[in-house]
Amino acid sequence: MSTDPFDLEYRFTELLLRTKVEDLHKTEQDRIFVAYRHELAMDVFRGLITHGFLSCPVLNKKGFVHYGFIDLIDFVHYFLGEIADKELRGPGTDLWALLEKQSLFKEKKVKDLMINPVGLRNPFHPVKKGYSLYSAVEALGKEKHLHRIPIIDEDRRLVNLITQSQVIDFVAQNLDLMGPRKNKPLSEIPELFHFVEKILSDQEVIESFKLMEKKNVSGIAVVNAEDVLVGVISTKDLKGIAIDGKWASRLFLTLDAYFQEVLTEYPNTRRPSDPVFVSPNDTLGTVIQLIHTNKVHRVFICDEKKRPIGVVGLKEICKELVH
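The sequence shown stops at residue 345 when you use the working numbering, and every number in between is there.
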């Protein structure tokens, strides 16, 4: 077997070309949760929370994928617009009981809550079975706001999904084949160094979700008064919505207090709020391994004082893979 670094890099590209998009799904655990555009939004909201999903594809009655995706964040946007703060702020607020009182929400269909279904926020870019993984990675790396790709059959029926996270996991398992690309320092990728969206740790959790909506991002850094990275908040935190509705009152905690609550729930493991960070001298391969191991969607680049100066997201890695 050749150990020439450029030969290895060629073999990695060949692997992406040879692997079919459907090959990333091998187990029953890869089954996906779907919704229909005329389904009651309340039922889909419960389903997403019960199954621990952040989003799901929305189909028409015949099962064709043409309408887009609905995210938990779509529901949050609706709640913030329709339910007064004072109703949500009470300690131990029962979110489900509150929603049961909202006659309008009980009648809302999935299509009523989706914002610009097939627009820029959730672009629709399907690929057919039999296409190469390379084609999917290229789209995930180059198309703005594209985070997952539906896999469809010849009749345009949904078969499965490919997400950026699944691509990174696949790459991490074949990292040795990347050759010199995995040793590329982050400092040689200028587009990674830019203003990092962030929020102060003494602000309320709800303000972080408002900022995510405004900036159309899925996660932001949490910093203290000295601009030191102390945490991360993302749409993944919405998985903390519990069937008992305790999430509602958490929206109005400060981020510091919220992180303390999370600490009590994850006493012996890495908390979801713990940021993963590297220095500009670390390599692309190091970041891929960190994302794969920690199951995160972004790694912050920090200076010597732990102040965020850039961020490496899943999209940036996908772009580098086919650069």
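Ideal Cβ placement from N, Cα and C applies to all residues, glycine included.
No experiment lies behind these values; they were computed from the predicted model shown.
Item                                                                                                    : Value
Distance CB(H147)-CB(L180) smaller than 7 Å                                                             : no
Alpha carbon of H323 to alpha carbon of D278, nearest angstrom                                          : A quick correction: the sequence has Ile, not His, at residue 323. Each residue's Cα considered, the two are about 22 Å apart.
Host beta strand (DSSP E) of A243 (start-end)                                                           : 241 to 245
Beta-carbon gap between I221 and I313 smaller than 7 Å                                                  : no
Residue closest to K166, alpha-carbon to alpha-carbon, out of A247, Q225, S240                          : S240
Local conformation of E248 per DSSP, three classes                                                      : coil
Range covered by the beta strand (DSSP E) that runs through R320                                        : 320 to 324
Coil, strand or helix - G141 by DSSP                                                                    : Note that G141 has pLDDT 46, beneath the 50 cutoff, so the model's placement of it is unreliable and the number below is only indicative. Note: G141 maps to coil in three-state DSSP.
Cβ neighbours of S295 in the same chain (closer than 6 Å, five flanking residues each side left out)    : G253, F281, V284
Distance CB(L46)-CB(Q188) smaller than 7 Å                                                              : yes
Boundaries of the beta strand (DSSP E) in which L180 is found, first to last residue                    : 180 to 185
Classification of G74 by the beta-carbon crowding that lies within 10 angstroms, buried from 16 upward  : exposed
First through last residue of the alpha helix (DSSP H) which encompasses I339                           : 336 to 343
First through last residue of the alpha helix (DSSP H) which encompasses L126                           : 125 to 129
Same chain, Cβ closer than 7 Å to E229, five either side skipped, listed in chain order                 : I221
Identity of the residues DSSP links to E235 by a beta bridge                                            : Answer is none; E235 lacks a bridge partner.
Cβ contact (3+ pairs, closer than 8 Å) linking the region 298 to 307 and the region 201 to 218          : yes
Minimum Cβ-Cβ distance from M200 to chain D less than 7 Å                                               : Among the protein chains of the structure shown there is no chain D, as only one such chain exists.
Delimiting residues of the alpha helix (DSSP H) encompassing D133                                       : In the sequence as displayed, the identity of residue 133 is Lys instead of Asp. Looking at the DSSP string, the run of the alpha helix (DSSP H) that includes K133 is 132 to 135.
Under 7 Å between C-beta atoms of T257 and L76                                                          : yes
Classification of F217 by the beta-carbon crowding that lies within 10 angstroms, buried from 16 upward : exposed
N-terminal and C-terminal residue of the beta strand (DSSP E) that R59 is part of                       : Here R59 belongs to no beta strand (DSSP E), and DSSP marks it neither H nor E.
Beta-carbon spacing of L38, L155 below 7 Å                                                              : yes
Rounded straight-line distance, which links the Cα of I92 to that of K42                                : 26 Å
Where A247 falls, given that 16 or more other Cβ within 10 Å makes a residue buried                     : exposed
Collapsed DSSP secondary structure at T41 in the structure displayed                                    : coil
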